[in-house]
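Numbering (the numbering used here), first residue to last: 39 to 362. Each residue gets a CB set at the ideal place from its N, CA and C atoms; glycine is no exception.
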Amino acid sequence: MDTELDDILHESFAEHVRDIKGSYYKGVWLPQDYLKITDDIENFRVRDDDVWVCSFPRSGTTWTLEMVWCICNDLNFEKANKILSTERVFYLEFLGATTAGISMARKGLASKLTIDSANRLPSPRFFKSHLPFHLLPKDLRTGNTKAKIVYITRNVKDVCISYYHLRKNSKIYCGTFDNYCRLFLENRLAYTPYWNHLIGYWKAKKSHNILFLKFEDMKTDLPSVIKSVTRFFNTSLIDKQMEALCDHLSFHKMQLNPTTNGQIDYKPVLENCYNIKCSDVAFFIRIGQSDQWKTDMSEELIKTFDSWEVENLKNYPELRTHLL
Ligand code: A3P
39 MDTELDDILH ESFAEHVRDI KGSYYKGVWL PQDYLKITDD IENFRVRDDD VWVCSFPRSG
99 TTWTLEMVWC ICNDLNFEKA NKILSTERVF YLEFLGATTA GISMARKGLA SKLTIDSANR
159 LPSPRFFKSH LPFHLLPKDL RTGNTKAKIV YITRNVKDVC ISYYHLRKNS KIYCGTFDNY
219 CRLFLENRLA YTPYWNHLIG YWKAKKSHNI LFLKFEDMKT DLPSVIKSVT RFFNTSLIDK
279 QMEALCDHLS FHKMQLNPTT NGQIDYKPVL ENCYNIKCSD VAFFIRIGQS DQWKTDMSEE
339 LIKTFDSWEV ENLKNYPELR THLL
């Protein structure tokens with residue numbers, strides 16, 4: 039282990055989360071608490087009509103989930119605006135892989151969120167997971183089910199910037215941006231290594247029901263992305279419905295919507311577990327722009343990220359093209 043990185047990790051994560059230690063599990067950096075739920079995840083029974091949205095954190099998961107959920111629920115905006123996204127969608131590894139989930143589990147506040155409780159949910163169920171493909175439940179990996187997966191990607195530099203701000207705004211990370219990038223590049227943040235995450239799903243796409251989407255396409259042409267999602271789920275929308283869905287999914291609507299913006303669910307968890315105030319109302323749905331790296335990263339850092347990308351994707355030209 040690199041002791042310099044250990045020091046950065048130790049110094050940069052806030053005192054109240056320092057006892058959540060990370061380590062590698064099957065090549066993935068995850069909190070050690072994750073070990074408590076690996077068997078439950080591996081053996082989780084997937085149903086044919088389950089819908090999964092998977093991603094590396096901060097790639098646009100919440101946005102994609104909202105789009106997919108609405109499309110698969112006849113655009114039931116009334117329900118979408120009444121019930122929290124985190125209640126409509128089950129976050130598979132929440133209790134073992136996230137700071138909020140681990141803290142809740144340790145305080146005995148998480149009985150409704152155990153993986154077993156997902157077995158009792160009525161169909162069709164909606165899942166979110168940031169796990170790489172090789173850590174998903176066996177049923178999904180082995181193709182024993184017709185369940186569909188939507189995978190969302192985003193420019194890696196913007197992902198890293200967004201990840202940094204989330205951790206900083208939720209008072210988990212208190213180090214510098216440069217050190218956060220270093221931890222990201224050197225695979226010491228939850229769910230890294232980054233490229234293996236994308237490559238795992240990309241390879242699985244050949245044999246599984248996986249639709250790849252891109253954050254940047256959602257930004258520039260949301261209706262086209264919605265059309266590809268409706269095709270994937272064998273449905274379609276008329277113009278008026280398309281307009282209504284685009285409006286529901288607009289950045290400002292989602293940032294203000296208490297069912298999607300994390301104010302009712304994530305924020306109080308952080309506050310209750312750590313007794314800290316997250317003052318920033320936009321801590322979860324923050325800016326929602328592409329190309330933030332152009333202003334937020336130094337020339338040198340951009341070069342480092344770009345050559346790292348080229349090196350890691352040298353055997354995956356099609357994936358590289360998808361990301362362009
Ligand atoms: P920023 O931090 O760059 O603003 P995830 O849901 O995977 O955690 O991704 C969060 C990122 O998606 C955040 O990026 C968030 O603002 C952005 N996002 C969420 N909803 C969005 C929307 N409707 N339009 C644009 N971006 C959105």
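Assigned with DSSP and collapsed to three states, P355 falls in helix. For Y189, there is no enclosing alpha helix (DSSP H); the residue is found in the beta strand (DSSP E) stretching over K186 to T191. If only uninterrupted alpha helix (DSSP H) runs of at least 4 residues are considered, those enclosed by the region 63-112 are 76-80 and 99-110. For Q301, the CB stays at least 7 Å from every heavy atom of the ligand A3P.
Sixteen is the threshold: since fewer than 16 other Cβ atoms of the shown chains lie within 10 Å of the Cβ of S266, the residue is exposed. Burial state of Q327 is exposed, judged by a 10 Å Cβ sphere holding fewer than 16 other Cβ atoms. Put simply, the region 250-257 does not touch the region 66-86. Fewer than three CB pairs are less than 8 Å apart. Per DSSP, L204 is one residue of the alpha helix (DSSP H) stretching across V194 to N207. Taking C-beta atoms as the reference points, L103 and V127 count as a pair closer than 8 Å.
Boundaries of the alpha helix (DSSP H) harbouring F289: F289 to L294, taken from the DSSP string. In this structure, F165 lies away from D57, with their beta-carbon atoms at least 8 Å apart. A Cβ-Cβ separation of about 4 Å places I187 in contact with W90 under the 8 Å criterion.
Exclusion of R163 from the 7 Å shell around the ligand A3P follows from its C-beta lying no nearer than that to any non-hydrogen atom of the ligand. Around the C-beta of P160, fewer than 16 other C-beta atoms lie within 10 Å, and the residue is accordingly described as exposed. For L130, same chain residues with a beta-carbon under 6 Å away, outside a window of 5 residues either side, are F165 and S167 in chain order. DSSP assignment within the region 235-279 yields the following whole beta strand (DSSP E) runs of 3 residues or more, N-terminal first: 248-252. With fewer than 16 other Cβ atoms inside 10 Å of its own Cβ, C212 counts as exposed. In its chain, beyond the 5 residues on either side, H54 have a beta carbon closer than 6 Å to the beta carbon of Y312.
DSSP places G60 within a strand segment (E or B) once states are collapsed to three. Less than 8 Å divides the Cβ of F94 from the Cβ of Y229.
Counting the other Cβ atoms within 10 Å of the Cβ of V348 gives fewer than 16, which makes it exposed.
Annotation for K291: D285 place their beta carbon closer than 7 Å to its own, counting only its chain and skipping 5 residues before and after. When the beta-carbon positions are compared, I109 and T298 stay at least 8 Å from each other. Remark: fewer than three beta-carbon pairs, one from each stretch, lie closer than 8 Å, so the region 140-157 and the region 115-123 are not flagged as touching.
The beta carbon of I153 sits closer than 8 Å to the beta carbons of I75, D78, I79, F82, L130 and L133 from its chain, once the five residues preceding and following it are set aside; these are given in chain order. Sixteen is the threshold: since fewer than 16 other Cβ atoms of the shown chains lie within 10 Å of the Cβ of N272, the residue is exposed. At least one heavy atom of the ligand A3P sits closer than 7 Å to the Cβ of Q330.
Non-local C-beta neighbours of H235 in its own chain, meaning closer than 7 Å and more than five positions away in sequence, comprise F94, P170 and Y229, ordered along the chain.
Taking a C-beta distance under 8 Å as the contact criterion, F321 and L227 do not qualify as a contact pair. Look at F322 here: in three-state DSSP terms it is coil, with no helix or strand label.
Checking the DSSP bridge columns, you'll see Y129 partnered with K166.
For W240, the closest alpha carbon among the candidates M256, Y189, N225 and K278 is that of Y189. When the five nearest sequence neighbours on each side are left out, the beta carbons in the same chain lying within less than 8 Å of the beta carbon of N217 are those of I46 and S50, in order along the chain. According to the DSSP assignment, Y218 belongs to the alpha helix (DSSP H) that extends over F215 to L223. With respect to the 8 Å criterion, K64 and L151 are not classified as neighbours on the basis of their beta carbons.
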